Structures are given as C-alpha cells and as structure tokens.
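If you're matching them up, the sequences are chains A and B in order. Each residue of the first sequence is one higher than the one before, starting from 1 at the first, in our numbering. Each residue of the second sequence is one higher than the one before, starting from 1001 at the first, in our numbering. In this text, a Cβ means the ideal position worked out from N, Cα and C, and glycines have one as well. If you're wondering where the values come from, they're calculated on a predicted model, not measured in any experiment. In what follows, a single structure is set out as structure tokens and then discussed.
2 protein chains.
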Amino acid sequence: MQKEIELFKDGLKKEKLKITSQRLKILEAFLKTERHMSCDDLYRAIRRGNPEIGYATVYRTLKLIQKAGLAREVDLGDRVSRLEHEYGHKHHDHLICLKCGRFFEVFDPEIEQLQERLALKYKFNAVKHKMDIFGYCRKCKS
Amino acid sequence: MQKEIELFKDGLKKEKLKITSQRLKILEAFLKTERHMSCDDLYRAIRRGNPEIGYATVYRTLKLIQKAGLAREVDLGDRVSRLEHEYGHKHHDHLICLKCGRFFEVFDPEIEQLQERLALKYKFNAVKHKMDIFGYCRKCKS
DNA sequence: ATGAAATTGAAAACCATTTTCAATTATACT
DNA sequence: AGTATAATTGAAAATGGTTTTCAATTTCAT
C-alpha cells in the first residue's frame, strides 16, 4: 500500500496539486477494500472515522486516484460509477449475475489477443476495452 | 417496418397494455433512424411533427420497445441511455473513438465463441454480453 | 354505449454527479 | 519562521438524465 500512496503523491505533485490529509485518508479507505466501491459507498465508509470529510471532496479525490492510475471505473449497467483497484491488478473482464448482482472477474488471453486483432483490422488504435457478460451465476441458475 | 410494428403490438397485447397513437408514432420515429438515439434525441425528433407528445411518454414507450425485443441499449461510456435497433440486426460490438466520439459496429465470430466457452468454464448461464473497445479511430490517430 | 383500467402530459421528484463560493490550508519563497 | 499565492475544502446549490405523481383523457372488453 505504501507504493500506491507514493504513486498518488507523485501524481499530485506532477499536477502541482497539494497533498492534504483528506486526500490521503480517502486514498487509504479506497485501498483498504477489495470491493468495487461507488463514491457513495466510500463516503459512508470514510464518514465513520472522519465525519468532517465532505462528499464533494471524496468525489473529487476519486477522480484524482483514477488519474494517478490507481483505480479504474467499472460499469455494472446501473448508472453508478464504481471503482476497482488498478495498480497491481491485471486487466480482467466481468461475469455479472442478473439475479443476485454478484460479479466474477475473469480473464482469457485468447480473447484479449483476438480483440487486438480486431482493432488492427479496423486500423483502430485501441487504448482499453470493456467486456461484460451478463447472465445467471451457478447459484442463481433456475 | 411492418413486421416490427406487429411485434410491438403483440408485445403490448401480451401485457394487456393499450395500443395508442402516441406509442405507434414513437415506435415509427425510432424505426425510421438507424442512428443510436437517446430518449432526448427521439423526443426532439418527434416533437417536430407531434408537439403534443410529452417527454415522459417517449421515455416510457422506449422501455416498452425494448421489452418487445425491438431495441437494445448501447452504453457509450457517458451516462446516457441510447437505443439501437435489435430486430433484424445481428449482435455486434463497438469500437468507440475517444476523440471524435464516432463508433463502429464490428463482429468477430471467434470472439463470440470464446466468450461462450468462458461462460461455460465458470458454469455461468450467459444471456448477453457487451464488448466495447475504446481508442482512436483511423482519422483521429495522432 | 359503458365502465374499469390503462395512458397521457406537465410538473415535480429523484439521484448521481458536478459546480459554486467563501473560508481554510499547503507550499514556495523570502 | 513568516508571508504571499494558489489550491482545497465542505456545504449547499446546480445540473441533467431518468422516473414518478396525479388529474384528466383514452382505450377496449363487454
């Protein structure tokens, strides 16, 4: 976690932004959980120990964490932005259960390769991609 | 287009919903364009010829069109729901340009097959999937 | 035709996200 | 260490797409 904190501070310095106690606390709260957190989730978690930190600050800091390359957005189809750890976490796709809402992180190197080939075919300079498979997990299958 | 209208009416009857002139006009407006339309886009288009149709009715009818299997939601990463034709249009994925915002519809049968295999491996009952590749199109490449 | 139930449009509510603004704080520079 | 400058903060309000409410209207089975 120390490495991530350093990366975050570097990111701030690079943009001539300031290192504040709020920003560090919000980063720590984000790093502490492995779940996919919405801004609201994180705000509630942080508020327990730090009731003085405001929602807007959490929101703004999450943007900075993303810019520093420490978090990426996950889109589960509702209209809520959730973040997952990026640093030290390989790219992966999601299997999302339409009934219980749980999701599973998966990775298939062959698919990744074919995706690159597909982009190449269309002379498209791919930066990132999202693949989500929706359906019913083992437990929720009828 | 006649076939789609019939499917829509069937969908309504099946749910004991009523066939109204507003619903039919909104469906026609949706079928008439091949672009990916947001609710707002469609509302504006419809309003030109039918200023008496309200936003809420467009919104509600779009849900019905989706339920009837005539439209599917496209997520371009902003938080706006857009619809594309589903009936008579094969499944496809998107290449989305981060600079100009244009998108290209693509299809790769090998990827589709691997996706199914992936779901199978996790004993996941896949219903649908979304794959979007973000990057820079031929014209916007630096 | 008639009545029950569905639909409509306008307006308001909702809710995640984003901005505004005055007060506070971090940082660079004496 | 003190100070000036610019960034940050929290609260509240604004935004913007989506969704609900409600009284008036319309559809459709009978």
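- It is roughly 15 Å from the alpha-carbon of residue 1042 of chain B to the alpha-carbon of residue 1074 of chain B.
- Taken atom to atom, the span from the alpha-carbon of residue 10 of chain A to that of residue 110 of chain A is near 35 Å.
- In the pairwise beta carbon analysis, the stretch 1131-1138 of chain B is classified as touching the stretch 110-127 of chain A: at least three pairs are separated by under 8 Å.
- Taking 8 Å as the threshold, the shortest C-beta distance from residue 1127 of chain B to chain A falls below it.
- Listed along the chain, the chain A residues whose CB falls inside 8 Å of the CB of residue 1119 of chain B are 95, 133 and 135.
- In the displayed model, residue 1044 of chain B falls within a helix according to three-state DSSP.
- When rounded, the separation of the alpha-carbon atoms in residue 1091 of chain B and residue 6 of chain A is 44 Å.
- Taking the C-beta atoms as reference points, residue 97 of chain A is found nearer than 8 Å to residue 140 of chain A.
- Across the set A/87, A/101 and A/60, the C-alpha of A/101 shows the shortest separation from the C-alpha of residue 78 of chain A.
- Those residues of the stretch 97-117 of chain A placed with their C-beta closer than 7 Å to a C-beta in chain B are 98, 104, 106, 108, 110, 111, 114 and 115, ordered along the chain.
- Burial is judged here by how many other beta carbons sit within 10 angstroms of a residue's own beta carbon; residue 1107 of chain B has fewer than 16 and is exposed.
- According to DSSP, residue 8 of chain A shares a beta bridge with no other residue.
- Straight through space, the alpha carbons of residue 1105 of chain B and residue 1115 of chain B are spaced by roughly 18 Å.
- Interface with chain B (8 Å Cβ-Cβ cutoff): residue 75 of chain A is included.
- Of the candidates A/58, A/119 and A/138, A/58 places its Cα closest to the Cα of residue 30 of chain A.
- Between the stretch 1063-1072 of chain B and the stretch 61-75 of chain A, the count of C-beta pairs closer than 8 Å stays below three; the two stretches do not touch.
- Closest in alpha carbon position to residue 47 of chain A, among A/35, A/32, A/25 and A/17, is A/25.
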